[in-house]
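Chemist: Quick mapping for you: the protein sequence lines, in order, are chains A and B. Using the numbering used here, the final residue of the first sequence is 158, and nothing's skipped along the way. Using the numbering used here, the final residue of the second sequence is 158, and nothing's skipped along the way. Ideal Cβ placement from N, Cα and C applies to all residues, glycine included.
There are 2 protein chains.
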Amino acid sequence: MSDAHARFMGRAIELSAERMRANLGGPFGAVIVRDGEIVSEGFNKVTSANDPTAHAEVSAIREACTALGTFSLEGCVIYTSCEPCPMCLAAIYWARLDAVYFANTRKDAADIGFDDDHIYREIPKEIEDRAIEMRHVELQEARDIFEEWRVKPDKIMY
Amino acid sequence: MSDAHARFMGRAIELSAERMRANLGGPFGAVIVRDGEIVSEGFNKVTSANDPTAHAEVSAIREACTALGTFSLEGCVIYTSCEPCPMCLAAIYWARLDAVYFANTRKDAADIGFDDDHIYREIPKEIEDRAIEMRHVELQEARDIFEEWRVKPDKIMY
Chain A
1 MSDAHARFMG RAIELSAERM RANLGGPFGA VIVRDGEIVS EGFNKVTSAN
51 DPTAHAEVSA IREACTALGT FSLEGCVIYT SCEPCPMCLA AIYWARLDAV
101 YFANTRKDAA DIGFDDDHIY REIPKEIEDR AIEMRHVELQ EARDIFEEWR
151 VKPDKIMY
Chain B
1 MSDAHARFMG RAIELSAERM RANLGGPFGA VIVRDGEIVS EGFNKVTSAN
51 DPTAHAEVSA IREACTALGT FSLEGCVIYT SCEPCPMCLA AIYWARLDAV
101 YFANTRKDAA DIGFDDDHIY REIPKEIEDR AIEMRHVELQ EARDIFEEWR
151 VKPDKIMY
């Protein structure tokens, strides 16, 4: 790792430790960097914020978008103390981040009691094989809304 | 569908249409229900809130957790106008929802320009095969924080 890489990863790990010790959530931290500068910091605050989506990466993405006034983080990279769970990984795709650097792995997370690995195994399954009940309800009225979007002249894609 | 199911799904679809027409985001709506009552409503506000994580389901989950003062939605179900993307599906697992009912599919979403299906295909890949650059940086200091969590006496699991 270059000095800059080590510094950004070090900050992500530092956040994971500090905020865990403050009892704000699980031991996870992340920073988002653009042009060699940190634009946001995130940490896990699931239990303190009553928000199961408030993982370090999702929190850092939200903060970065607020700071930069955009819904696209193209040109930015994320450093995270642990491999992103599927929620955070998909959020990284939606946010259009350029790259992801992580320290601990999903296996390490599973070993200390987090469901990352389980959820990774659930995502590719067929609907009917998942641990959670899922039902597809086909409705023409829902299709019609999608068609309305398709032809909408002033839509903003993301 | 029972009358109650049809009513909840109808509300999710109604939200998807109303909020799209108000130019708040993509054509997606969701409601979370407990004991036959709607506890939260969500809609896509990615472009209006500058938040790439603000999909209908994630928004509904965050609202429900705020309304109920909890990070676990056990005992609740979600109705959504479209099959959840991997971010929202993983969020549903983290939130411990009991069941998911959806109308349009990920293929329908792909057909009108959304990346759901692409991201579904990316998630199960090996790190090095993904469209986004991902690097594992092994660091003992990160492992130490996980070990600190493992033995932490007052931790709150989720």
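Output needed in chain order: residues of the region 38 to 59 of chain B with a Cβ under 7 Å from some Cβ in chain A.
Modeler: The residues in question are V46, T47, N50, D51, P52, T53, V58.
Chemist: When the Cα of D144/B is compared with those of R143/A, H118/A, I112/A, which residue comes out closest?
Modeler: Position 144 of the second sequence, counted from the start, is the residue given in the question as residue 144/B. Ranking R143/A, H118/A, I112/A by Cα distance to D144/B puts I112/A first.
Chemist: Quick check: what's the CA-CA separation for E148/A versus M87/A?
Modeler: Translated into positions along the first sequence, residue 148/A becomes position 148. Translated into positions along the first sequence, residue 87/A becomes position 87. Their backbone Cα atoms lie some 28 Å apart in a straight line.
Chemist: Give me the Cα-Cα distance between A246/B and N23/B, rounded to the nearest whole angstrom.
Modeler: Nothing can be reported for residue 246/B, as the shown portion of chain B is limited to 1 through 158.
Chemist: When you compare only the Cα positions, how much space is there between A103/B and C82/B?
Modeler: Walking along the second sequence from the start, residue 103/B turns up at place 103. Walking along the second sequence from the start, residue 82/B turns up at place 82. Straight-line Cα distance between these residues: approximately 5 Å.
Chemist: Between which two residues does the alpha helix (DSSP H) holding A109/A run?
Modeler: In the first sequence, the residue the question calls residue 109/A occupies position 109. 106 to 111 is the extent of the alpha helix (DSSP H) around A109/A.
Chemist: Check the Cβ-Cβ distances between C65/A and every residue of chain B, and say whether any is below 7 Å.
Modeler: Looking up residue 65/A in the first sequence gives position 65. Yes, its Cβ sits closer than 7 Å to a Cβ of chain B.
Chemist: List the residues of chain A whose Cβ lies closer than 8 Å to the Cβ of A17/B, in chain order.
Modeler: Numbered from its first residue, the second sequence carries residue 17/B at position 17. Those are I145, E148, listed as they occur along chain A.
Chemist: To the nearest angstrom, report how far apart S16/A and F146/B are at their CA atoms.
Modeler: Sequence index remark: in the first sequence, residue 16/A carries index 16 (1-based). Sequence index remark: in the second sequence, residue 146/B carries index 146 (1-based). Cα to Cα, S16/A sits roughly 9 Å from F146/B.
Chemist: Using beta carbons (cut-off 7 Å, strictly below), is R62/A in contact with chain B?
Modeler: What you label residue 62/A is simply residue 62 of the first sequence in a count that begins at 1. R62/A counts as touching chain B.
Chemist: Classify A6/A: buried if its beta carbon has 16 or more other beta carbons within 10 angstroms, exposed otherwise.
Modeler: Here residue 6/A refers to the residue found at position 6 when the first sequence is read from its first residue. With fewer than 16 Cβ atoms within 10 Å of its Cβ, A6/A is classed as exposed.
Chemist: Can you list the residues of chain B that C85/A reaches, using a CB-CB cut of under 7 Å?
Modeler: The sequence position of residue 85/A within the first sequence is 85, counting from 1. Residues of chain B with a Cβ closer than 7 Å to the Cβ of C85/A are, in chain order, A90.
Chemist: Straight-line CA distance for D154/A to A49/B?
Modeler: For this step, residue 154/A is matched to residue 154 along the first sequence. For this step, residue 49/B is matched to residue 49 along the second sequence. If I take the Cα positions, the gap works out to 17 Å.
Chemist: Could you confirm whether any beta carbon from chain B is found closer than 7 Å to the beta carbon of D116/A?
Modeler: The residue given as residue 116/A occupies position 116 in the first sequence. So no, D116/A is outside the interface.
Chemist: Give a yes or no on whether the minimum CB-CB distance between R135/B and chain A is below 7 Å.
Modeler: The residue given as residue 135/B occupies position 135 in the second sequence. Yes, R135/B lies at the interface with chain A (some Cβ there is under 7 Å from its Cβ).
Chemist: Three or more beta-carbon pairs under 8 Å between the region 113 to 130 of chain B and the region 31 to 45 of chain B, yes or no?
Modeler: no
Chemist: Given this structure, state the Cα-to-Cα distance separating L73/A from I132/B, to the nearest angstrom.
Modeler: Taking the first residue of the first sequence as position 1, residue 73/A is located at position 73. Taking the first residue of the second sequence as position 1, residue 132/B is located at position 132. Cα to Cα, the separation comes out at about 13 Å.
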